[in-house]
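> In the working numbering, the protein residues as written are 101 to 641.
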Amino acid sequence: MRLKGFVCTLAVAVALALPARADTPEQRMARAMDHALQGDVAQVHAELLAILSEYPASPMARALLEAGPEGSLLQRVQALLPAPPAPKPVPPVVAQCTQAPQILDLSERILAQRASLPGFAPANFGGTAMYLWLHYANPDPNTAMARFQSVAAQARRPPRDLLALSQVWAVATLGVEQGFAALRVDPVTGVAQGDTDLWRQVILADDGATFFALLRQIRANPALQPRFDNNWRGGWTIPALLSDLEDSRKLKIARRAEEAGEIGFAGLLLASREKQHAYREFIAAHPENEMLKSRSPDTFGLLLERDKPLKPLAGQTFRQMDVDIFDVFRAGLRAGEADFLMTLLNQTGWQSEIAGAAREYLGQVAAGNLSAAGPLETNWLFLADAVASRRPVADLHRSMSGWDIPTRVRHYAGRAQATVDWMRALRTVVPYVQGQVGGVAVPKNLSNDFPWTDFIQVAQQVREGRGFVLATPEQVMMAVEILASAGRYPEAIRLAEEKMQGVARLAFYRDLAQRLDKGCEGWTYLPGQSVLLGGSYPWRF
């Protein structure tokens with residue numbers, strides 16, 4: 101090495117100096133020689149410059165500065181040395197989202213109040229709150245582990261997803277080996293008995309190297325393999341959790357999956373890449389895998405950025421139905437954190453009408469007038485109106501009253517039509533309560549089942565600000581949501597504390613925390629989750 105080779109040059113400087121004495125320039129030169137042998141460029145520079153600055157009149161300094169035909173000894177030494185490393189850039193200070201304290205407050209309220217819920221209800225709350233607390237409080241590992249333990253112990257039933265969250269957090273924070281060690285869990289057993297979020301995090305630790313090594317051990321263990329395979333399902337469910345990765349990482353993980361014999365996993369992950377040549381080559385290399393060919397990327401709608409279906413695989417032809425369903429998939433993927441189009445299509449068979457609405461919506465997204473990131477209410481109302489323009493409104497209302505929207509999407513959710521009605525009513529009254537308009541009329545396409553009279557009376561109370569007379573839990577929910585939709589979060593939370601019942605109150609807190617997070621760091625949102633993950637999101641760190 102050039103650096104080690106110039107040690108003799110430094111030795112010349114020592115020879116030119118006076119005999120060494122303690123804490124002298126000679127001692128610094130000796131240290132510089134040691135650093136040179138170790139390859140520590142920065143310290144060599146530091147020692148040489150210290151001699152010149154601290155002992156400018158010393159023989160050693162004169163020797164370093166003595167001019168020769170090729171310049172001074174210092175110049176010749178520095179010519180042999182690489183440049184000292186540049187100081188590491190100081191990361192910019194990122195301004196904290198203004199709603200971060202509100203998100204933390206809501207999370208703390210859920211964690212503090214869940215134990216008082218009746219029956220099995222405590223198990224339904226706490227996971228999301230703990231997840232958001234970890235991100236926005238940013239605790240050190242010891243504090244986080246203690247909080248996990250306290251949340252698990254504070255009620256008869258811990259949050260049903262707390263164990264999975266603790267495993268994902270530990271692996272993300274401490275690494276696979278140390279993370280499982282902190283949880284006192286063997287990594288092979290932990291992965292075998294874990295869920296999809298944990299698998300995602302272990303895969304991300306080193307792009308699948310550790311995961312597929314553990315998978316081989318699971319396959320060799322008759323006590324672990326059956327349960328794992330039952331949850332693994334051939335690996336078909338996992339690529340959707342990796343949809344946010346860049347193409348290069350997907351390719352690396354897919355190659356390791358293929359080497360491990362996980363053909364379905366590898367194929368579907370390759371199918372989710374924007375560049376499709378690797379997927380085409382993969383299909384050609386595995387002609388025997390009929391299931392892989394039948395589960396094409398278009399069927400799963402994994403192509404988040406694609407504007408049209410892929411060209412047919414060998415032996416396939418596209419029908420208009422294939423194109424229509426693909427467009428409904430694409431619109432659903434871009435609807436926000438949840439989708440109703442695919443369910444409506446399955447319930448009604450209105451293929452051309454719903455596909456037409458989907459294409460109209462996609463056009464607005466492409467034009468920048470709507471966004472896949474939401475707001476969800478804006479997207480859903482556009483889609484509902486687009487379908488209503490192609491079918492009798494009464495038919496749409498009747499069909500959308502046939503299934504439920506979960507309260508994790510919106511705390512006021514119920515039947516799909518009722519949920520859309522809430523969104524429609526809120527869009528109408530928020531400008532009114534904010535004083536932007538003097539009055540409101542019944543909005544177009546609102547169903548006859550929605551309690552509009554109660555809703556507008558509550559909106560008037562919010563606008564007037566003289567207190568509330570709320571006769572029913574539904575009216576309380578109306579007042580709380582109108583305040584929240586108008587951006588008056590402290591008032592909404594205060595009213596919820598005073599008037600809402602336990603489960604409804606915590607459902608509101610969770611919903612509002614997730615909505616605020618979408619406008620901050622977005623930990624509760626993954627593009628495409630509406631279709632790929634059924635509206636849920638993975639624990640991500």
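Ideal placement from N, C-alpha and C gives every residue a C-beta, glycine not left out.
Values in this document were obtained by computation on a predicted structure and should not be read as measured data.
Which same chain residues end up closer than 7 Å to residue 643 when comparing Cβ atoms and leaving out the 5 residues on each side of it in sequence?
The question about residue 643 has no answer here: the residues shown for the chain are numbered 101 through 641.
> Between residue 520 and residue 480, how many whole angstroms is the CB-CB distance? I'm expecting something under 8 Å.
Confirmed, about 6 Å.
> Is it the case that the segment 455-465 contacts the segment 498-505, given that we only count it when at least three CB pairs across the two stretches are under 8 Å?
No, they do not touch.
> Between which residues of its own chain and residue 237 is the CB-CB distance below 7 Å, once the five residues before and five after are set aside?
Once the five neighbours on either side are set aside, the close Cβ partners of residue 237 are 204.
> On a CA-only basis, which of 334, 275, 538 and 618 is nearest residue 296? Give me that one, please.
For the residues 334, 275, 538 and 618, the minimum Cα distance to residue 296 belongs to 334.
> Buried or exposed: where does residue 121 fall if 16 or more other Cβ atoms within 10 Å of its Cβ makes it buried?
Because residue 121 sits at a pLDDT of 41, beneath the cut-off of 50, its placement in the model cannot be relied upon, and the point is left open.
> Which residues in the same chain as residue 608 place their Cβ atom closer than 7 Å to its Cβ, once the five residues preceding and following it in sequence are excluded?
Around residue 608: 511, 580, 596 and 600.
> Which stretch, first to last residue, makes up the alpha helix (DSSP H) that contains residue 609?
Where residue 609 is concerned, the enclosing alpha helix (DSSP H) stretches over 602-618.
> Are residue 279 and residue 292 closer than 8 Å when you measure CB to CB?
In this structure, residue 292 does not lie closer than 8 Å to residue 279 by Cβ.
> Buried or exposed: residue 420, going by 16 or more other Cβ atoms within 10 Å of its Cβ?
By the 10 Å Cβ count, residue 420 comes out exposed.
> Give a yes or no on whether the C-beta atoms belonging to residue 487 and residue 437 are separated by under 8 Å.
Not closer than 8 Å, so no.
> What residues in its chain sit with their C-beta under 8 Å from that of residue 535, if we drop five residues either side in the sequence?
Here the set comprises 563.
> Could you name each continuous alpha helix (DSSP H) segment of 4 residues or more that falls completely within the segment 271-333, going from the start of the chain to the end?
Counting only runs of 4 or more, we get 276-282, 287-293, 296-305, 309-319 and 325-332.
> Taking Cβ positions, are residue 245 and residue 282 nearer each other than 8 Å?
Cβ atoms of residue 245 and residue 282: closer than 8 Å.
> In chain order, what residues of the same chain have a beta carbon less than 6 Å from the beta carbon of residue 484, not counting five sequence neighbours either side?
Here the set comprises 520.
> Is DSSP giving residue 554 helix, strand or coil here?
It is helical.
> Name the residue from 526, 151, 322 and 318 whose alpha carbon lies nearest to the alpha carbon of residue 584.
Closest option to residue 584, Cα to Cα, is 526.
> For residue 504, which of helix, strand or coil comes out of DSSP?
Of the three classes helix, strand and coil, the one that applies to residue 504 here is strand, per DSSP.
> If distances are taken between C-alpha atoms only, which option among 524, 347, 522 and 559 comes closest to residue 539?
Among 524, 347, 522 and 559, the Cα nearest to that of residue 539 belongs to 559.
> Comparing alpha-carbon positions, which option in 298, 207 and 622 lies nearest residue 268?
Here the closest residue by C-alpha is 298.
> Are residue 546 and residue 499 closer than 8 Å when you measure CB to CB?
No. Outside cutoff.
> Helix, strand or coil for residue 631, going by three-state DSSP, please let me know.
The answer is helix: DSSP assigns residue 631 an H, G or I state.
> Tell me where the alpha helix (DSSP H) around residue 480 begins and ends.
Its alpha helix (DSSP H) spans residues 476-488.
> How big is the Cα-Cα spacing for residue 369 and residue 272?
Going from the Cα of residue 369 to the Cα of residue 272 covers about 22 Å.
> Do you know how far the Cα of residue 532 is from the Cα of residue 566?
One C-alpha to the other measures close to 16 Å.
> Count the other CB atoms within 10 Å of the CB of residue 629; is the residue buried (16 or more) or exposed (fewer)?
Looking at its Cβ environment, which holds 16 or more other Cβ atoms inside 10 Å, residue 629 is buried.
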